[in-house]
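Asker: Residue numbers (the numbering used here), protein chains in the order written: chain G, 48 to 212; chain P, 142 to 340. The C-beta atom is built at its ideal place from N, Cα and C for all residues, glycine as well. None of the values given here were measured: they were computed from a predicted structure.
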Amino acid sequence: MPLIILTVTAIGIFSKTNIFEAFIEGASDGLKTTRDILPALICLMTCIGMFKASGALEMFTYIIKPITDFFGFPSECTPLIFLRPMSGSGALSLFDGILAENGADSLAGKIAAVMMGSTETTFYTIAVYFGAVKIKNTRYAIPAALAGDITGWIASSVAVRLLLP
Amino acid sequence: MNFLIFFMLFSSFIYAIFSGNMAELSNAALTECTSAVTLCITLCGTICFWSGIMNVAQKSGIANKLSKIVSPLLRLLFPKINPNGNAMSFIVMNFISNLLGLGNASTPLGIKAMNELKKEEGNPQKATFSMIMLTVMNTASIQLFPSTIVAVRAKYGSASPADILPCVWIVSVFVFAVCVLCTFIFESVTKRRDKAELQ
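1. Counting only beta-carbon separations shorter than 8 Å, does R333(P) have a partner in chain G?
2. Please identify, using Cβ separations under 8 Å, the residues of the region 259-270 of chain P that lie next to chain G, in order along the chain.
3. So A202(G) is in the alpha helix (DSSP H); what residue range does that whole segment cover?
4. Determine whether the Cβ of M195(P) lies closer than 8 Å to any Cβ atom of chain G.
5. Quick one: using the 10 Å Cβ neighbour count with 16 as the cut-off for buried, is R131(G) buried or exposed?
6. Which residue comes first and which comes last in the alpha helix (DSSP H) that contains A337(P)?
7. Any idea what DSSP makes of N225(P), helix, strand or coil?
8. For the region 90-104 of chain G, enumerate the residues whose C-beta is nearer than 9 Å to any C-beta of chain P, in chain order.
9. Shortest alpha-carbon distance to N264(P) belongs to which of G135(G), F170(G), M163(G), I182(G)?
10. Is DSSP giving K267(P) helix, strand or coil here?
11. Does the contact criterion of 3 or more C-beta pairs under 8 Å hold for the region 245-255 of chain P versus the region 138-155 of chain G?
12. Between the beta-carbon of G204(P) and the beta-carbon of I232(P), is there less than 8 Å?
13. Taking A213(P) as the query, report the chain G residues whose CB atoms sit under 8 Å from its CB, ordered along the chain.
14. For L85(G), would you say it is in contact with chain P, using Cβ-to-Cβ distances shorter than 8 Å as the test?
15. Tell me whether Q199(P) is buried or exposed, calling it buried when 16 or more other Cβ atoms sit within 10 Å of its Cβ.
16. Is the region 117-130 of chain G close to the region 169-185 of chain G, with three or more CB pairs under 8 Å?
17. With a threshold of 8 Å between beta carbons, is F315(P) in contact with chain G?
18. Taking buried to mean at least 16 other C-beta atoms within 10 Å of its own C-beta, is S62(G) buried or exposed?
19. Tell me, please, which residues DSSP counts as bridged to N184(G).
20. Return the first residue and the last residue of the alpha helix (DSSP H) that I210(P) is part of.
21. Short check: CB of L241(P) to CB of L285(P), under 8 Å?
22. Within its chain, find whatever has a CB closer than 8 Å to the CB of T168(G); leave out the 5 residues flanking it on each side and keep chain order.
23. Could you tell me whether any Cβ in chain G is nearer than 8 Å to the Cβ of M255(P)?
24. Verify the CB distance criterion: does I252(P) have a CB-CB separation below 8 Å to chain G?
25. Hey, L154(G) and P121(G): beta-carbon distance below 8 Å or not?
26. Span of the alpha helix (DSSP H) holding F177(G)?
27. Among the candidates G73(G), K79(G), L88(G), E72(G), whose CA atom is the shortest distance from the CA of E173(P)?
28. Since S153(P) and M97(G) are thought to touch, with beta carbons under 8 Å apart, how far apart are those beta carbons, to the nearest angstrom?
29. If you follow the alpha helix (DSSP H) that G161(P) is part of, which residue opens it and which one closes it?
30. Is the beta carbon of I158(G) sitting closer than 8 Å to the one on S203(G)?
31. Residues of chain G with a CB under 8 Å from the CB of P307(P): which are they?
32. L104(G) to F147(P), Cα distance in whole Å?
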């Protein structure tokens with residue numbers, strides 16, 4: 048990580064970029080991102096928190112458990128499968144909860160992290176991109192994107208077990 | 142989305158009635174909104190720092206070099222699109238901002254690319270192959286440094302929050318490949334089916 052930071056700043060200095068100004072510009076963009084996700088995060092984190100506190104989430108995971116066990120997928124991460132394609136903030140608050148309960152370096156925590164890093168909010172992206180060009184018939188966009196998501200869930204669990212035991 | 146929110150609230154209310162968890166439920170409604178703010182504040186520093194670093198990378202010409210490396214690859218994925226046209230250059234920029242994790246930049250670029258594709262392909266009413274390819278690429282975006290995830294791991298005391306990166310890269314590339322492959326396969330399947338229907 049420090050190596051990436053050093054390399055980027057070194058290239059910046061040698062190419063005569065105003066690195067401080069560029070950093071400030073990027074960081075204030077980051078601030079905007081954080082500000083933009085906060086309202087959605089408050090809404091979804093409260094919903095998910097209530098869903099969890101009532102015990103409904105536990106029941107839900109229990110029902111799906113046989114299927115996820117078959118793929119060797121930790122049941123703690125099951126809710127993430129359903130929320131990740133729909134809502135970025137929702138997935139983030141679930142991810143936060145998984146790490147709080149299982150620890151950052153637990154197997155479930157690592158698998159959740161890799162899942163978060165390698166998949167996107169599929170339905171949201173498709174809605175935004177095709178909404179922008181006003182096209183309703185998306186043909187096979189959703190099946191192709193979901194094939195990627197399913198691959199991501201299975202591959203995260205396999206990759207973490209093989210590479211980060 | 143609206144349905145999902147209602148579903149979660151409704152089922153937690155009903156479930157709480159039967160399980161007697163009503164006190165926990167109302168407690169969660171009060172505490173969880175505060176923890177959303179705490180989470181945001183914890184993430185803020187890392188997100189800002191990395192988007193600053195990645196902006197330096199972009200400004201110093203690393204993005205241009207990257208785009209020279211990725212454009213031949215992207216041209217293969219968009220065989221019907223003019224390799225020197227507007228649409229292609231937006232597609233390349235969209236891909237690079239995803240790679241650098243500049244979320245604020247990548248979506249507007251992707252939307253511009255969609256509009257250019259629509260123009261270049263003669264105002265189609267249905268999604269075209271190139272449009273689907275671009276969208277699907279964005280649902281499987283490859284990011285060099287997923288700062289949010291690393292920040293949450295650091296928050297919960299991970300011994301080395303960034304050690305998941307190689308795993309994330311491998312899985313991302315794999316997911317990307319599956320998405321691209323499926324797009325090619327589904328395109329040829331639907332084309333064949335349409336032809337069969339015409340005959």
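Answerer: Walking through what the data contain:
1. As a first step, residue 333(P) must be located in the second sequence, where it is residue number 192. No, because no Cβ of chain G sits closer than 8 Å to the Cβ of R333(P).
2. K259, P265, Q266, K267, A268
3. For this step, residue 202(G) is matched to residue 155 along the first sequence. Its alpha helix (DSSP H) spans residues 188-210.
4. As a position in the second sequence, residue 195(P) is number 54, starting the count at 1. Closer than 8 Å: yes.
5. Position 84 of the first sequence, counting from 1, holds the residue named residue 131(G). Buried, by the Cβ-count rule.
6. The sequence position of residue 337(P) within the second sequence is 196, counting from 1. From DSSP, the alpha helix (DSSP H) with A337(P) extends over 306-339.
7. As a working mapping, residue 225(P) is identified with position 84 in the second sequence. Note: N225(P) maps to coil in three-state DSSP.
8. C90, L91, M92, T93, C94, I95, G96, M97, F98, K99, A100, S101, G102, A103, L104
9. The sequence position of residue 264(P) within the second sequence is 123, counting from 1. The shortest C-alpha separation from N264(P) is found at I182(G).
10. By one-based count along the second sequence, residue 267(P) stands at place 126. Strand at K267(P).
11. no
12. Locating residue 204(P) in the second sequence gives position 63, counting from the first residue. Locating residue 232(P) in the second sequence gives position 91, counting from the first residue. Note that residue 204(P) is Ala in the sequence shown, not Gly. Contact flag unset, no.
13. Here residue 213(P) refers to the residue found at position 72 when the second sequence is read from its first residue. Note that residue 213(P) is Pro in the sequence shown here, rather than Ala. In chain order: nothing, as chain G lies at least about 22 Å away.
14. Start at 1 with the first residue of the first sequence, and residue 85(G) comes out as number 38. True, the Cβ-Cβ gap to chain P drops below 8 Å.
15. As a working mapping, residue 199(P) is identified with position 58 in the second sequence. Classification for Q199(P): buried.
16. no
17. Translated into the one-based positions of the second sequence, residue 315(P) becomes position 174. So, interface residue.
18. As a working mapping, residue 62(G) is identified with position 15 in the first sequence. So S62(G) counts as exposed.
19. Locating residue 184(G) in the first sequence gives position 137, where the first residue counts as 1. Its beta-bridge partners are K267(P).
20. To locate residue 210(P), count along the second sequence from 1; it is residue 69. Taken as a continuous stretch (DSSP letters only), the alpha helix (DSSP H) holding I210(P) covers 203-218.
21. Your numbering for residue 241(P) matches position 100 in the second sequence. Your numbering for residue 285(P) matches position 144 in the second sequence. Contact flag set, yes.
22. Residue numbering aside, residue 168(G) sits at position 121 when the first sequence is read from its first letter. Once the five neighbours on either side are set aside, the close Cβ partners of T168(G) are R131, P132, M133, S134, G135, A138.
23. Residue 255(P) sits at position 114 when you count from the first residue of the second sequence. M255(P) counts as touching chain G.
24. Within the second sequence, numbered from 1, the residue matching residue 252(P) stands at position 111. Taking Cβ atoms only, chain G reaches closer than 8 Å to I252(P), which makes this a yes.
25. The sequence position of residue 154(G) within the first sequence is 107, counting from 1. The sequence position of residue 121(G) within the first sequence is 74, counting from 1. In this structure, P121(G) lies closer than 8 Å to L154(G) by Cβ.
26. What you label residue 177(G) is simply residue 130 of the first sequence in a count that begins at 1. Element bounds for F177(G): 169-179.
27. Taking the first residue of the second sequence as 1, we reach residue 173(P) at position 32. Nearest of G73(G), K79(G), L88(G), E72(G) to E173(P), Cα basis: L88(G).
28. Working through the second sequence from its first residue, we reach residue 153(P) at position 12. Working through the first sequence from its first residue, we reach residue 97(G) at position 50. Right, their Cβ atoms sit about 5 Å apart.
29. Translated into positions along the second sequence, residue 161(P) becomes position 20. Taken as a continuous stretch (DSSP letters only), G161(P) belongs to no alpha helix (DSSP H), as it is neither H nor E.
30. For the purposes of this step, residue 158(G) is taken as residue 111 along the first sequence, with counting starting at 1. For the purposes of this step, residue 203(G) is taken as residue 156 along the first sequence, with counting starting at 1. It is a contact, given that the beta carbons lie within the stated cut-off.
31. Position 166 of the second sequence holds residue 307(P). Neighbours of P307(P) on chain G, chain order: L210.
32. Position 57 of the first sequence, counted from the start, is the residue given in the question as residue 104(G). Position 6 of the second sequence, counted from the start, is the residue given in the question as residue 147(P). For L104(G) and F147(P), the distance between alpha carbons rounds to 14 Å.
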